[in-house]
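Heads up: the sequence lines are chains R and Y, in that order. Under our numbering, read the first sequence as residues 44 to 156, first letter to last. Under our numbering, read the second sequence as residues 2 to 492, first letter to last. Glycine included, C-beta positions come from ideal geometry on N, C-alpha and C. Everything numeric in this text was worked out from a predicted model, so none of it was measured.
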Amino acid sequence: MRMSRTIETGLAGASSLHANTKKRQKQQAVLRRCGLLALVCALCFLTAHLVMLLTRHLPFEDVRLRTDLGGMVIAALLPCLVLAGFAGLRYRWGLMLCLGACAAAALTTALPL
Amino acid sequence: MRETLRVRLGWLHSWVGFLAGLLLVLVFASGTLAVFDTEITQWMQPEVPLTQTTLLSPTALQAAAETIQTEEEQGVSAFLSLPSHRDPILRVLHYDGHEFIGAALNSTTGAAFPTRDTAGGQFFYNFHFSLRGGTQPGAQIVTFLGLCLLVALGSGIIIHLKALWPDLVLFRPFGPRPRAWVDAHLIAGVLFLPFILFMGYTGTAIHARLLIPAQSFFPSHNTALPKKEKAPPKGHVLQTGPLLPPLAPLLAQARATLHSPDGNLVLFTPDEVRIFKSDAFGPFLTRDHVDFSRKDGRLLRSVTHSPPAAATMQLVRGLHYARYAPLSLRWLYFLSGLAATALAASGFVVFLMKRRRSSGEQMFFRLAEGLTITTLISFPIAILGFFWANRCLPVALHDRMACEITLFFAAWALCAAHALTLSLTRHATSGWQQQLGLLAGAGCALPLLDYLSGTHPWSHGGGVFITTDALGFTTGLIALWALLKLREPTA
Chain R
44 MRMSRTIETG LAGASSLHAN TKKRQKQQAV LRRCGLLALV CALCFLTAHL
94 VMLLTRHLPF EDVRLRTDLG GMVIAALLPC LVLAGFAGLR YRWGLMLCLG
144 ACAAAALTTA LPL
Chain Y
2 MRETLRVRLG WLHSWVGFLA GLLLVLVFAS GTLAVFDTEI TQWMQPEVPL
52 TQTTLLSPTA LQAAAETIQT EEEQGVSAFL SLPSHRDPIL RVLHYDGHEF
102 IGAALNSTTG AAFPTRDTAG GQFFYNFHFS LRGGTQPGAQ IVTFLGLCLL
152 VALGSGIIIH LKALWPDLVL FRPFGPRPRA WVDAHLIAGV LFLPFILFMG
202 YTGTAIHARL LIPAQSFFPS HNTALPKKEK APPKGHVLQT GPLLPPLAPL
252 LAQARATLHS PDGNLVLFTP DEVRIFKSDA FGPFLTRDHV DFSRKDGRLL
302 RSVTHSPPAA ATMQLVRGLH YARYAPLSLR WLYFLSGLAA TALAASGFVV
352 FLMKRRRSSG EQMFFRLAEG LTITTLISFP IAILGFFWAN RCLPVALHDR
402 MACEITLFFA AWALCAAHAL TLSLTRHATS GWQQQLGLLA GAGCALPLLD
452 YLSGTHPWSH GGGVFITTDA LGFTTGLIAL WALLKLREPT A
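In structure tokens, the structure reads:
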């Protein structure tokens, strides 16, 4: 029976195991990042949608002007929220910020002005 | 590996930058060309002499009015673009679903020039904001890409915040290859950051309402939408209006009110004639206008003041569209657009270089490299193919404009198929080299083709032709230089 040196010494086997563990950890980290990014993006788009709905209450007759102003707010707000939501790791403050922004927008839309 | 802020944002920057960048680079390149859309149209319609003045005769206006009336009878909603210093031609235009196209008239006699049918520079303008996919989903995709650009820019700034000043001045083109490409990426990103950030923000803000409309996704929302009146499709009319009144006196009155001596737009509805202020007047895209009755030509109203909120949006639009910009500023926009394209291109190269050793054999890497060739080399080849088609297709060809556009997409599709095939079969280097060779040939031969076509005199108004040909030639030279660098044994 042919025995490889790998099995004989056991050193490369350990190294391969270590590499596999490292690879698995890396894959898990990437999956976690993708999940967080998807969640943050969903929250941010919901917030942006609610902000756009709020523009209907702006005191301008021109509907297009209202949505244009909403667009200006969204173009500034959405990337900042995505970045904060993704970057804020400690105590998940970024995600909390996104949730807070979304809740604030939802409350403002739901409550009568 | 420790999950630091730089590591997380580096990952976000790489992947959002690469995936969105594959399409964003097309938006940057076409936007850069769209800065000179009028000049490209002039190059593509060499039959129109550019030596005319901006003066308009009543005869020419009457001829334009008759053309408008004829087009309305055919169900087409046409408008007038009056001569300006940038484009001294009287044009009767209509929207065909993608571009504003139409006849070019002599501003003195009103006779139509026998121009070739072409989309001209309008093609690049349309491609820039919608990838030629219409409002839905084209403009929506571009707006989403704009948001991705802002996220990538934000993460890039945070990653390089500490080294922002050294990045501004540090460029080592003769250093190790990855270092040189990172330096190029950083220097383009940092030097042109204000421009790229501003254009990304304004472009996204302008069309954000298309991506996220102000209508509830939830049916139970209490606000009912008002019923829409039956409107014709864009560029069409449902009913023809009465015969137009003489336009010359209306134009004189409107110009005096608007303080806009040339380059106005004149729109027609079944009841009204609307004369708009020229976009070239200032950075505010005001759309100030004077309206007259279509029946008898009497003044109905003039709109010359905008509230501050509207003025803000007008400034955002005006600065993004740059229609106000004089030639020097237009060149600055053009160079900044090129820098944005170079930023994305160098980012792609860095992305691939970083992963070549670890993942070079994987199918996804090869696909990524094939797609990179498709955007970085095949797209410019298709653009030059569009210019070649303009000179090579017969002037009287039926549906010539559609043929030009089809040739553009056919050239791009063929090059993409070539790049992907070679890349997936582990011959990506050949793909880069062959396509760079084709780009070099198409670019360097453009001036010769233009000269041999003999479509226009070089003595009068030749500046547009010389500049366009020179830019094509420069593109060819850059591609040739890149090809020679790739062939060096150390490469």
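According to a CB-to-CB cut-off of less than 9 angstroms, which residues of the segment 165-199 of chain Y neighbour chain R?
Flagged: no residues at all.
Among F88/R, H61/R, K69/R and C141/R, which has the Cα closest to the Cα of R9/Y?
K69/R
How about G147/Y: is its C-beta nearer than 9 angstroms to some C-beta of chain R?
yes
Would T33/Y be called buried (16 or more neighbouring beta carbons within 10 Å of its own) or exposed?
buried
State the DSSP-derived secondary structure class of E405/Y, mapped to helix, strand or coil.
helix
Verify the CB distance criterion: does M115/R have a CB-CB separation below 9 angstroms to chain Y?
yes
Please compile the residues from chain R whose C-beta is within a distance smaller than 8 angstroms of the C-beta of M518/Y.
Lying before the first or after the last residue shown, residue 518/Y is absent from chain Y, which here runs from 2 to 492.
If A414/Y sits next to I374/Y, beta carbons under 8 angstroms apart, how far is it from one beta carbon to the other, in whole angstroms?
Going by Cβ atoms, the distance from A414/Y to I374/Y rounds to 14 angstroms, so no, they are not a contact pair.
Using a beta-carbon distance below 9 angstroms, is T126/R in contact with chain Y?
Residue 126/R is actually Leu in this sequence, not Thr. Chain Y contact via Cβ: present.
Quick check: the segment 325-339 of chain Y against the segment 33-52 of chain Y, are at least 3 beta-carbon pairs closer than 8 angstroms?
Enough Cβ pairs lie closer than 8 angstroms, so yes.
Can you check whether the CB of Q43/Y is closer than 9 angstroms to the CB of G121/Y?
yes
Where do the N-terminal and C-terminal ends of the beta strand (DSSP E) with I102/Y fall, by residue?
Counting along the chain, the beta strand (DSSP E) containing I102/Y begins and ends at F101 to L106.
Looking at C-alpha atoms only, which residue of A64/Y, F285/Y, H99/Y and L83/Y is the closest neighbour of K314/Y?
Reading off the sequence shown, one finds Met at residue 314/Y, where the question assumed Lys. Considering only alpha carbons, the answer is F285/Y.
Residues bridged to Y96/Y by DSSP?
Paired residue(s): F101/Y.
Does DSSP put A369/Y in a helix, in a strand, or in coil?
helix
Between which two residues does the beta strand (DSSP E) holding D292/Y run?
H290 to S294
Could you pull out every residue in the same chain whose Cβ sits closer than 8 angstroms to the Cβ of A323/Y, ignoring the five residues on either side in sequence?
V36, L330, R331 and Y334
First and last residue of the alpha helix (DSSP H) that includes F130/Y?
Counted as a single uninterrupted DSSP element, the alpha helix (DSSP H) harbouring F130/Y occupies residues Q123 to S131.
Return the bridge partner residues of S78/Y from the DSSP annotation.
Partner(s): none; S78/Y has no beta bridge.
Report yes if the CB atom of K278/Y is closer than 9 angstroms to the CB atom of T270/Y, and no otherwise.
no
For H260/Y, does the three-state DSSP call read helix, strand or coil?
coil
Could you confirm whether any beta carbon from chain Y is found closer than 9 angstroms to the beta carbon of A85/R?
no
Could you say which of G386/Y, G432/Y, V396/Y and L398/Y lies nearest to A412/Y if we only look at CA atoms?
It is G386/Y whose Cα lies nearest to the Cα of A412/Y.
In the DSSP assignment, what residue or residues form a beta bridge with F467/Y?
Before going on, a small fix: residue 467/Y reads as Ile here, not Phe. DSSP lists no partner for I467/Y.
Taking A310/Y as the reference, give the member of C84/R, L82/R and T110/R with the closest Cα.
T110/R
Would E4/Y pass as an interface residue toward chain R - the criterion being a Cβ-Cβ separation below 9 angstroms?
So yes, E4/Y belongs to the interface.
Is E4/Y helix, strand or coil by DSSP?
In this structure, E4/Y counts as coil in the three-state DSSP scheme.
Contact check, T206/Y vs G137/R under 8 angstroms by CB: the rounded distance?
Just to set this straight, residue 206/Y is Ala in the shown sequence, not Thr. In fact, because the Cβ distance is near 24 angstroms, the residues do not count as touching under 8 angstroms.
For I467/Y and S460/Y, I'd like the C-alpha separation in whole angstroms.
11 angstroms
Give the list of continuous alpha helix (DSSP H) stretches no shorter than 4 residues that lie fully inside the segment 126-201 of chain Y.
Counting only runs of 4 or more, we get 141-160, 165-170 and 178-192.
Evaluate contact between the segment 153-162 of chain Y and the segment 421-437 of chain Y, counting only Cβ atoms and requiring at least three cross-stretch pairs below 8 angstroms.
With a cut-off of 8 angstroms, the segment 421-437 of chain Y and the segment 153-162 of chain Y do not count as touching, because too few Cβ pairs lie within range.
With 7 angstroms as the C-beta to C-beta threshold (strictly closer), list the residues of the segment 344-368 of chain Y near chain R in chain order.
Taking 7 angstroms as the Cβ-Cβ cut-off against chain R, none of the residues of the segment 344-368 of chain Y qualify.
Between the beta-carbon of I378/Y and the beta-carbon of F409/Y, is there less than 9 angstroms?
no
Taking the CB atoms as reference points, tell me whether C87/R and G128/R lie closer together than 9 angstroms.
Yes; because the gap between Cβ atoms is below 9 angstroms, this pair is in contact.
Based on Cα-Cα distance, which residue from A30/Y, R7/Y, W16/Y and G11/Y lies nearest to A343/Y?
A30/Y
Along chain B, in chain order, which residues have C-beta atoms closer than 7 angstroms to that of A311/Y?
Among the chains of the structure shown, chain B does not appear; the protein chains present are R and Y.
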